[in-house]
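S.K.:
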Amino acid sequence: MFDVTEIEWINAIYQILAFGVLLLLLKKFAFGPIMDMMEKREQHVADQISSAEKNREESEKFLAEQREAIQEARQEAKEIVENSKKMSDQQADEVLENARKEAERMKQNALAEINTEKEQAISALREQVSTLSVLVASKVIEKELDEKEQEKLIQDTLKEVGEDL
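Position one of the sequence shown corresponds to residue 0 (numbering that gives the first Met the number 0), numbered consecutively onward.
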C-alpha cells in the first residue's frame with residue numbers, strides 16, 4: 000500500500016505544477032490583457048492630466064493677455080481724455096486770442112476813424128478860417144488898409160484860429 004506521506008507529496012507536486020500552469024495561462028490570457036488595459040488607462044489618464052495642465056496654462060496665458068488688453072484700453076482711454084482736454088484748452092486759448100485780436104483790430108479801426116474825422120474837422124476849420132480870412136480881408140479892403148496891415152491882420156487871425164485847434 001501507499002504511504003500517506005508519499006501521496007501527499009505527489010499531490011502537492013501535482014498541485015504546484017497545476018498552479019504554475021494556471022499562472023502561465025492567466026499571465027498570457029488574463030494578466031497580459033489586464034496589464035495592457037491598465038497601462039492604456041494609465042497613459043490615458045496621464046494624457047488627460049497633461050491636456051488639462053496645457054489648457055490651464057493656455058487659460059492663464061489668455062487671462063494675462065486679456066488683463067493686458069484691458070490695461071492698454073484703459074491707458075488709451077486715459078490718453079484720449081487727456082488729448083481731448085488739451086485740445087479743448089487749446090481751442091479755448093485760440094478763441095480768446097482771436098477775440099483779443101478782433102478787439103485790438105476794432106480799437107485800431109476806431110482810432111483810425113477818429114483820426115480821419117479829426118483831419119476832416121481840421122480841414123473844415125481851415126476852410127472856414129480861409130473863408131473868414133477872405134471876409135476879414137474884404138472888410139479890411141473896404142476900410143482901405145495898406146498891405147502890411149492886411150497881412151498882419153490875416154496872420155493874427157490865423158494864429159488865433161490855430162491856437163484854438
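Virtual Cβ for every residue (Gly too), placed ideally from N, Cα, C. Here the structure is a predicted model, which means the values were calculated and not measured.
1. Just tell me which of 153, 126, 125, 122 has its CA closest to the CA of residue 137.
2. Is it buried or exposed, residue 128, if we count other Cβ atoms within 10 angstroms and call 16 or more buried?
3. Express the C-alpha separation of residue 29 and residue 19 in angstroms, rounding to a whole number.
M.R.: The relevant details are as follows:
1. Stepping through the sequence shown from its first residue, residue 137 is reached at position 138. Of the listed residues, the one whose Cα sits closest to residue 137 is 153.
2. Translated into positions along the sequence shown, residue 128 becomes position 129. Its Cβ being crowded by 16 or more others within 10 Å, residue 128 is buried.
3. Walking along the sequence shown from the start, residue 19 turns up at place 20. Walking along the sequence shown from the start, residue 29 turns up at place 30. Straight-line Cα distance between these residues: approximately 14 Å.
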